[in-house]
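Trainee: Take a look at this one; I'll ask things after.
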Amino acid sequence: MKERLITGLTVVLLAGVAGAQETNLYWGDTHLHSSYSPDAYLMQNRSADPDTAYRYAKGYPVIHPYHRARIQIETPLDFLVLSDHGEFMGVVPMILQGDPRVASTETGGRYVQMAAEGREIEVFGELIAQINGVIPVSQDLNSPEISSSVWSEIMDAADRHYEPGKFTAFMGWEWSSTPQGQNLHRVVVMKGDKSNGEQFIPYTSLDSNRPEDLWTWLKATAEKTGADFLAIPHNSNISGGLMFPLVDSDGNAVDAEYAKLRMRWEPVVEMTQIKGDSETHPRLSPNDEFADYETYEHLIAVEGIEAPSMFSDGFLGSLSDADRALIEAQEERIVQNGDYARTALMRGLVLEDRVGENPYKFGMIGSTDSHTAMASAEENNFHGKMAIDSTPETKAEDIIPGTPGWDMGAAGLAAVWATENTREGIFDAMQRKEAYATTGPRIELRFFGGWDFRNRDARARDIASVGYDKGVPMGGDLTAGPDGKAPSFLIRAVKDPVGGNLDRVQVIKGFLDDDGMPQEKVYDVALSDNRKAGPDGKVPPVGNTVDVGTGNYINRIGDADLAVVWTDPDFDAGKRAFYYVRVLQIPTPRHTLFDAIALGIPAEETGQPATIQERAYSSPIWYTP
74 MKERLITGLT VVLLAGVAGA QETNLYWGDT HLHSSYSPDA YLMQNRSADP DTAYRYAKGY
134 PVIHPYHRAR IQIETPLDFL VLSDHGEFMG VVPMILQGDP RVASTETGGR YVQMAAEGRE
194 IEVFGELIAQ INGVIPVSQD LNSPEISSSV WSEIMDAADR HYEPGKFTAF MGWEWSSTPQ
254 GQNLHRVVVM KGDKSNGEQF IPYTSLDSNR PEDLWTWLKA TAEKTGADFL AIPHNSNISG
314 GLMFPLVDSD GNAVDAEYAK LRMRWEPVVE MTQIKGDSET HPRLSPNDEF ADYETYEHLI
374 AVEGIEAPSM FSDGFLGSLS DADRALIEAQ EERIVQNGDY ARTALMRGLV LEDRVGENPY
434 KFGMIGSTDS HTAMASAEEN NFHGKMAIDS TPETKAEDII PGTPGWDMGA AGLAAVWATE
494 NTREGIFDAM QRKEAYATTG PRIELRFFGG WDFRNRDARA RDIASVGYDK GVPMGGDLTA
554 GPDGKAPSFL IRAVKDPVGG NLDRVQVIKG FLDDDGMPQE KVYDVALSDN RKAGPDGKVP
614 PVGNTVDVGT GNYINRIGDA DLAVVWTDPD FDAGKRAFYY VRVLQIPTPR HTLFDAIALG
674 IPAEETGQPA TIQERAYSSP IWYTP
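The following block contains the structure:
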């Protein structure tokens, strides 16, 4: 097993943590599926179960469920949330194995027979249609008896692999609300153990597809069990504008109570994962030259279903004209403000101005959403989203209709600055938003805001101690400072020890203009190779050392670390604002280039670029007058 030297600094935490305890940087995946998820199993993950997921994350070799090769993560994780879909959790393996728990039910018996006849995809189609609300839910398969037995197995696996101080295994699941094929999914993470978890059955979108009902259930269950929870929205990029709305599920304007309830349970958002990046979109941020990163525009209404069969007679029963039109409409992808994190953060400023509370005051994390049980965010060690699209040959196919595996990204990772590697320590770090996202590399990032930082602070040996002493960390708040002063920000980014050098550090600012309208601005605050912006304000590209013939690159461009104190030159003390950091690597090979080389085809035949600029996103710091 390879060991990685983490360059993270141990710091004295003076804000938000009792007793001035030390914090360290921990890496993990908060969104991973095993064979217990219906779609994972039907997409040929028949053997990579929860134990396999934990073993892979810990660095042990495992057998891939599709091609049966022995595989291993390059660098082990510090923590993992196994988040199998709560809807019909564990049911599909039971169907295909003829388990009496489902075979004895009316619906389950029918599905067992269909599977025996080779009609597995039709079984999957009906299950997805139930989750999406296209056809009624089969309550005999959604029984407490089936759900509780599977949930117990999942909790047992987490407890087996939990090693406090060394590796943290969280208990969790995915609430998979998909109204009209639009993604409102949340990963639910529990701070607690089996003694807490055995007091409930995971709440699913079959109970309700309204986020407000999920939050209400979390509150009641926390009070009942003594556990705590957080819910992590993901793939807002394919939510059809619903993830960060201006109205609630009943169509009423978002108010202060909605905002407080949402922020109690959803302190962080998944910025990046296999199904694309959710920071922003070029149509929403036309002046941001780096906005078009791993842009993914496929909705999920037909995930796992052969498109022509979707509309064939009898496939999903009798579809009404309205249902048919709805499904067909999902093929037309319309980017909306409610789809992306940056515009959501700006909406939060507007709403706070209007209703007194901010429903979108969230931090950032990344995760994979792999359904192979392999938390693989490494470009040269990427095993696909589904088991069946894990090889160069199968990634070329539309395993998910209209979505070849090459459209998927090898992303991402969750980074937290926590007091200890335990369920309590990591959960609390996410809750206070002292966390950040990367697209896969282990870029170390510190970000502090305050009123008294000086240029020399960027050269401090222990930059974090200075940051905590003079300001607040990422996820924190600044209020009115000394008259005439603008906030300053202490930032340090360090390259992945085994990855590419850094291109630049940027600060993204969102603010309200004189008319109370949200605006954004991107600042280049630290540049590698002593580059300077030209008269037009644009920075020359860092260059590209990737050899498309071999997939090799050389760190002869870029810098190993970048540190800076930056003061907002456009600060208006009377206007709300947020700031977050985006760190860019130099170009490195995308996983599609490695596949193209293996297949002996030009990289452009994958339909994706040969190189990418991986990145990290900090949680914001907010300024409130």
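Count along the sequence shown starting at 1, add 73, and that's the number in the numbering used here.
Virtual Cβ for every residue (Gly too), placed ideally from N, Cα, C.
None of these values were measured; they are calculated from a predicted model.
1) If you run the structure through DSSP and keep just helix, strand and coil, what is Asp588?
2) Relative to the alpha-carbon of Gly138, which residue among Gln117, Gln145, Phe152 has its alpha-carbon at the smallest distance?
3) For Leu105, does the count of other Cβ atoms within 10 angstroms reach 16, so buried, or fall short, so exposed?
4) Would you be able to state if there are at least three C-beta pairs under 8 Å between the region 107-115 and the region 147-164?
5) Do Ala446 and Ala121 have their C-beta atoms closer together than 8 Å?
6) Measuring alpha carbon to alpha carbon, tell me which of Ala126, Asp576, Glu147 ends up nearest Asn453.
7) Grab the span of the alpha helix (DSSP H) containing Glu497 for me, first residue to last.
8) Assuming Ala230 and Asp124 are in contact, meaning their beta carbons sit under 8 Å apart, how far apart are those beta carbons, in whole angstroms?
9) Applying the 10 Å Cβ sphere with the 16-neighbour rule, what's the burial state of Thr552?
10) Would you mind stating whether Phe644 and Pro560 have Cβ atoms separated by less than 8 Å?
11) Relative to the C-alpha of Leu422, which candidate in Trp524, Phe584, Asn625 has its C-alpha closest?
12) Using three-state DSSP, classify Tyr348 as helix, strand or coil.
13) Say whether the region 332-350 touches the region 294-312, bearing in mind that this needs 3 or more beta-carbon pairs closer than 8 Å, one atom from each stretch.
14) Expressed to the nearest angstrom, what Euclidean distance is found between the alpha-carbon atoms of Val637 and Asp550?
15) Between Arg420 and Pro614, is the Cβ-Cβ spacing less than 8 Å?
16) Are the beta-carbon atoms of Ala332 and Leu424 separated by less than 8 Å?
17) For Asp530 versus Leu563, is the C-beta spacing smaller than 8 Å?
18) Tell me the DSSP bridge mates of Gly522?
19) Under DSSP, the beta strand (DSSP E) around Arg259 begins and ends at which residues?
20) Short of 8 Å in beta carbon distance, which residues of its chain neighbour Val196, apart from the five on each side in sequence? Order them along the chain.
21) Spatial neighbours of Val408 within its chain, please: CB distance less than 7 Å, with the 5 preceding and 5 following residues excluded, ordered by chain position.
22) How far does the alpha helix (DSSP H) with Arg233 in it reach, from first residue to last?
23) Kindly indicate which three-state DSSP category Thr294 falls into: helix, strand or coil?
24) With a threshold of 8 Å, are at least 3 pairs of Cβ atoms found where one atom belongs to the region 665-679 and the other to the region 613-631?
25) For the alpha helix (DSSP H) holding Arg335, just list the boundary residues, first then last.
26) Rounded to the nearest angstrom, what separates Ser156 and Val261 at their Cα positions?
27) Kindly indicate which three-state DSSP category Tyr596 falls into: helix, strand or coil?
28) Keeping to the same chain, check which residues put their C-beta closer than 6 Å to that of Glu678; ignore five residues upstream and five downstream.
29) Leaving out five residues on either side along the sequence, give the residues of the same chain with a beta carbon under 8 Å from the beta carbon of Gly265.
30) Since Leu720 contacts Ala448 with CB under 8 Å, what's their CB separation in whole angstroms?
31) The beta strand (DSSP E) that contains Glu95, what's its start and end?
32) Is the separation between the beta-carbon of Val580 and that of Trp639 shorter than 8 Å?
33) Below 8 Å on the Cβ atoms is my guess for Val175 versus Ile219; work out the distance and round it to an integer in Å.
34) Apart from the five residues just before and just after Arg119, which ones in its own chain have a Cβ nearer than 7 Å to its Cβ?
35) Check for me: the beta strand (DSSP E) holding Met116 runs from which residue to which?
Mentor: Per the coordinate set shown:
1) Within the sequence shown, the letter at position 515 stands for residue 588. The answer is coil: DSSP assigns Asp588 none of H, G, I, E or B.
2) Counted from its first residue, the sequence shown places residue 138 at position 65. Strictly speaking, residue 138 in this sequence is Pro, with Gly absent from that position. Of the candidates Gln117, Gln145, Phe152, the one whose C-alpha sits nearest the C-alpha of Pro138 is Gln117.
3) The count along the sequence shown starts at 1 and reaches residue 105 at position 32. Looking at its Cβ environment, which holds 16 or more other Cβ atoms inside 10 Å, Leu105 is buried.
4) yes
5) In the sequence shown, counting from the first residue as 1, residue 446 sits at position 373. In the sequence shown, counting from the first residue as 1, residue 121 sits at position 48. The answer is yes: Cβ separation under 8 Å.
6) Here residue 453 corresponds to residue number 380 of the sequence shown, with the count starting at 1. For the residues Ala126, Asp576, Glu147, the minimum Cα distance to Asn453 belongs to Glu147.
7) The residue labelled residue 497 in the question sits at position 424 within the sequence shown. Run containing Glu497: 496-504, per the alpha helix (DSSP H) assignment.
8) Here residue 230 corresponds to residue number 157 of the sequence shown, with the count starting at 1. Here residue 124 corresponds to residue number 51 of the sequence shown, with the count starting at 1. Right, their Cβ atoms sit about 5 Å apart.
9) The residue given as residue 552 occupies position 479 in the sequence shown. Exposed, since its Cβ has fewer than 16 Cβ neighbours within 10 Å.
10) Within the sequence shown, residue 644 is the residue found at index 571, counting from 1. Within the sequence shown, residue 560 is the residue found at index 487, counting from 1. In contact: Phe644 and Pro560 (Cβ atoms closer than 8 Å).
11) Position 349 of the sequence shown, counted from the start, is the residue given in the question as residue 422. When each option's Cα is compared against that of Leu422, the closest is Phe584.
12) Working through the sequence shown from its first residue, we reach residue 348 at position 275. First, the amino acid is wrong: residue 348 is Lys here, not Tyr. Reduced to three states, the DSSP call for Lys348 is coil.
13) yes
14) Residue mapping note: residue 637 aligns to position 564 of the sequence shown, counting from 1. Residue mapping note: residue 550 aligns to position 477 of the sequence shown, counting from 1. A direct Cα-Cα distance of roughly 20 Å separates Val637 from Asp550.
15) Taking the sequence shown and counting its residues from 1, the one referred to as residue 420 is at position 347. Taking the sequence shown and counting its residues from 1, the one referred to as residue 614 is at position 541. No. Outside cutoff.
16) Here residue 332 refers to the residue found at position 259 of the sequence shown. Here residue 424 refers to the residue found at position 351 of the sequence shown. Cβ atoms of Ala332 and Leu424: closer than 8 Å.
17) Position 457 of the sequence shown, counting from 1, holds the residue named residue 530. Position 490 of the sequence shown, counting from 1, holds the residue named residue 563. Yes. Within cutoff.
18) Within the sequence shown, residue 522 is the residue found at index 449, counting from 1. DSSP output for Gly522 lists Val545, Phe562 as bridge partner(s).
19) For the purposes of this step, residue 259 is taken as the residue at position 186 of the sequence shown. Segment 259-264, the beta strand (DSSP E) holding Arg259.
20) Residue 196 sits at position 123 when you count from the first residue of the sequence shown. Cβ within range, chain order: Leu115, Val165, Ile168, Tyr184, Met187, Ala188.
21) Indexing the sequence shown from 1 puts residue 408 at position 335. Answer for Val408: His354, Arg356, Leu357, listed in chain order.
22) Residue 233 sits at position 160 when you count from the first residue of the sequence shown. Looking at the DSSP string, the run of the alpha helix (DSSP H) that includes Arg233 is 217-234.
23) Start at 1 with the first residue of the sequence shown, and residue 294 comes out as number 221. Thr294 falls in the helix class under three-state DSSP.
24) Output reads yes: the region 613-631 touches the region 665-679.
25) Start at 1 with the first residue of the sequence shown, and residue 335 comes out as number 262. Start and end: 329-338.
26) One-based indexing of the sequence shown puts residue 156 at position 83. One-based indexing of the sequence shown puts residue 261 at position 188. C-alpha separation (whole angstroms): 8 Å.
27) In the sequence shown, counting from the first residue as 1, residue 596 sits at position 523. Three-state result, Tyr596: strand.
28) Counting from one through the sequence shown, the residue named residue 678 turns up at place 605. For Glu678, where only same-chain residues beyond five positions count, there are no Cβ hits under 6 Å.
29) As a first step, residue 265 must be located in the sequence shown, where it is residue number 192. Met244, Thr298, Gly299, Ala300, Asp301, Arg496, listed in sequence order.
30) There is no way to answer for residue 720, as the model of the chain reaches only from 74 to 698.
31) Along the sequence shown, one-based indexing puts residue 95 at 22. 95-105 is the span of the beta strand (DSSP E), which, as asked, contains Glu95.
32) As a working mapping, residue 580 is identified with position 507 in the sequence shown. As a working mapping, residue 639 is identified with position 566 in the sequence shown. In this structure, Trp639 lies closer than 8 Å to Val580 by Cβ.
33) Your numbering for residue 175 matches position 102 in the sequence shown. Your numbering for residue 219 matches position 146 in the sequence shown. Yes, Val175 and Ile219 are in contact; Cβ-Cβ is about 7 Å, under 8 Å.
34) The residue labelled residue 119 in the question sits at position 46 within the sequence shown. Result list for Arg119: Ser108, Pro138, in chain order.
35) Sequence index remark: in the sequence shown, residue 116 carries index 43 (1-based). No beta strand (DSSP E) contains Met116, which DSSP labels as neither H nor E.
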